[in-house]
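In what follows, a single structure is set out as structure tokens and then discussed.
Protein chains in written order, with the working numbering: chain A, 1 to 381; chain B, 1001 to 1099.
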């Protein structure tokens, strides 16, 4: 005997829980979230927790800007402290070509209401004492970018969703999904079969595997990205500091830890989340070069998570032609957490209203087949 | 109840563990992240064993330990992460071991 649901969400990460909450807030009921591990056990709980609006494409800037507006209100909305802190993002610029690219995008960001500005070396030295500016020609700084504690966002969304009768099932893997002749979906878990008119596939790097069960091909690839934290230190770093060129970033959490990571261009696609010494060597070298005093800090923990990388490093959001009732959001390429509140709102609009308040056609799965994919130059890692 | 420190690095009391359990944060991985137990300098070397003992005491009754894995067989330490002991960034860069 199947259990009937109005919506089944596959994936208990931030996108899944935010979408469940948003749908429930808009008075949808009988919402079930199926999570294979524990809440946030995938990419959300492993992420670098940065939230930025400095992007090179208008659509990405707007998506991020709207998410930041929602993060600013999230504690009150959810009744949960998410530790959102707007310390800004400081992008270190290391050569003239990068200077031209990044300074050239600031008018676009400003015109969309994102208050980015260029910083001279002298301003940067004053703003972040301790930064080594050798080889840095300038910076780009947006004061309303910031960081958050991802688990607090997850728990906040989960608790708020449960108060609205959302059924969140952890340790519950989806083993099979099928579209029936009557147009409804069957979602199988080891113990249950859910029958539902709406499936939302938001399983991070595993979204493509779930889609494949329905014959939908999603051209994303899993890529391991490693991260580590130091012991807690006194407050010494206001912004998130990043280098687009090195794929390197670090920030200080509300607990005082320095948390950061560095990408690896040679990392092959895989589902491995093992930690490597090679990462520690590369990260330690980059961190000490950028902020020499942190050489005396000790790293206490490292881990890894999966980026779900799409061909143009932009998200894939929406439905699929010929599959009414099916929706997905994936391919965030390392930037899903920062966009999640707005992505949840757009998915809820798409499902309830049939149209979205921002155009998302350029984020459709079909763009790859049509050859319309455009890459944003502001991708890290 | 008197205050008993469970995690010395992060200054977390036994009561905070009970409070987290009562709020439904029963999964050991979630307990670690919600309370902060085992996330300090010792990375759980001092506190995980005490945490497991408390969970084992509570689990058979099923009253307080009402989390998602509420049976004694599911009680385990959270995933252990490298490095085994804290490593200074200077030492990593210079490829020095423990001193």
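All C-beta atoms in this analysis are idealised placements derived from N, C-alpha and C, irrespective of residue type, glycine included.
State yes or no: is the beta carbon of residue 226 (chain A) nearer than 7 Å to at least one beta carbon in chain B?
No, residue 226 (chain A) does not count as interfacial toward chain B.
Under a three-way DSSP split, which group does residue 6 (chain A) fall into?
Three-state result, residue 6 (chain A): coil.
For a quick check, are the C-beta atoms of residue 195 (chain A) and residue 18 (chain A) less than 7 Å apart?
Contact flag unset, no.
List, in order along the chain, the chain A residues whose C-beta lies closer than 7 Å to that of residue 1087 (chain B)?
Here the neighbours are 298 and 299.
Output, in sequence order along the chain, the residues in the region 246–275 of chain A whose CB is closer than 7 Å to any CB in chain B.
Listed by position, the residues of the region 246–275 of chain A near chain B (Cβ gap below 7 Å) are 275.
Using only alpha-carbon positions, find the residue among A:292, A:184 and A:34 that is nearest to residue 171 (chain A).
Selected option, being the one with the closest Cα: A:34.
Report the CB separation of residue 1010 (chain B) from residue 1036 (chain B) in whole angstroms; it is logged as a contact under 8 Å.
So it is a contact: roughly 4 Å between Cβ atoms.
Once the 5 residues before and after residue 26 (chain A) are set aside, which same chain residues still bring their CB inside 8 Å of it?
Once the five neighbours on either side are set aside, the close Cβ partners of residue 26 (chain A) are 348 and 352.
Report yes or no: do the region 358–372 of chain A and the region 70–89 of chain A share at least 3 C-beta pairs separated by less than 8 Å?
Not touching, per the Cβ criterion.
Could you say which of A:36, A:43, A:24 and A:30 lies nearest to residue 330 (chain A) if we only look at CA atoms?
The shortest Cα separation from residue 330 (chain A) among A:36, A:43, A:24 and A:30 belongs to A:43.
Using a cut-off of 9 Å between C-beta atoms, extract the partners of residue 151 (chain A) located in chain B.
Result: 1030, 1033 and 1034.
Can you name the residues of chain A whose CB is closer than 8 Å to the CB of residue 1093 (chain B)?
Within chain A, the residues near residue 1093 (chain B) are 281, 284, 285, 288 and 295.
Which residues of chain B have a Cβ atom closer than 7 Å to the Cβ of residue 395 (chain A), listed in chain order?
Chain A is shown only over 1 to 381; residue 395 (chain A) falls outside these bounds and no answer can be derived.
Considering only C-alpha positions, which residue in the set A:118, A:297 and A:298 is nearest to residue 88 (chain A)?
Of A:118, A:297 and A:298, the residue nearest in Cα terms is A:118.
Return the bridge partner residues of residue 330 (chain A) from the DSSP annotation.
Per DSSP, A:316.
Do residue 15 (chain A) and residue 202 (chain A) count as a contact pair if the criterion is CB distance below 7 Å?
In this structure, residue 15 (chain A) lies closer than 7 Å to residue 202 (chain A) by Cβ.
Kindly indicate which three-state DSSP category residue 38 (chain A) falls into: helix, strand or coil?
Residue 38 (chain A) falls in the coil class under three-state DSSP.
Which value, in whole angstroms, describes the spacing of the CA atoms of residue 1046 (chain B) and residue 1078 (chain B)?
Spanning the two alpha carbons is a distance of roughly 13 Å.
Taking the alpha helix (DSSP H) that residue 1005 (chain B) belongs to, which residues open and close that run?
Residue 1005 (chain B) -> not in any alpha helix (DSSP H); beta strand (DSSP E) instead, spanning 1005–1007.
Using the Cα positions of residue 45 (chain A) and residue 13 (chain A), report the straight-line distance between them to the nearest angstrom.
Residue 45 (chain A) and residue 13 (chain A): Cα-Cα distance of roughly 8 Å.
How would you list, in chain order, the residues of chain A whose beta-carbon sits under 9 Å from the beta-carbon of residue 1043 (chain B)?
Chain A residues near residue 1043 (chain B): 300 and 301.
Restricting to Cα atoms, I'd like to know which of A:312, A:280 and A:152 is closest to residue 218 (chain A).
Comparing Cα positions, the closest option is A:312.
With respect to the alpha helix (DSSP H) encompassing residue 290 (chain A), which residues constitute its N-terminal and C-terminal limits?
Taken as a continuous stretch (DSSP letters only), the alpha helix (DSSP H) holding residue 290 (chain A) covers 277–290.
Output, in chain order, the set of chain B residues within a Cβ distance shorter than 7 Å of residue 231 (chain A).
Neighbours of residue 231 (chain A) on chain B, chain order: 1041 and 1086.
Does the CB of residue 38 (chain A) have a neighbour CB from chain B at under 7 Å?
Output row for residue 38 (chain A): interface = yes.
What is the DSSP secondary structure of residue 254 (chain A), counted as helix, strand or coil?
Of the three classes helix, strand and coil, the one that applies to residue 254 (chain A) here is coil, per DSSP.
Quick one: is residue 222 (chain A) buried, meaning 16 or more other Cβ sit within 10 Å of its Cβ, or exposed?
Under this definition residue 222 (chain A) is a buried residue.
Cα-Cα, which of A:214, A:200 and A:142 is closest to residue 180 (chain A)?
Taking only the C-alpha atoms, the option nearest residue 180 (chain A) is A:214.
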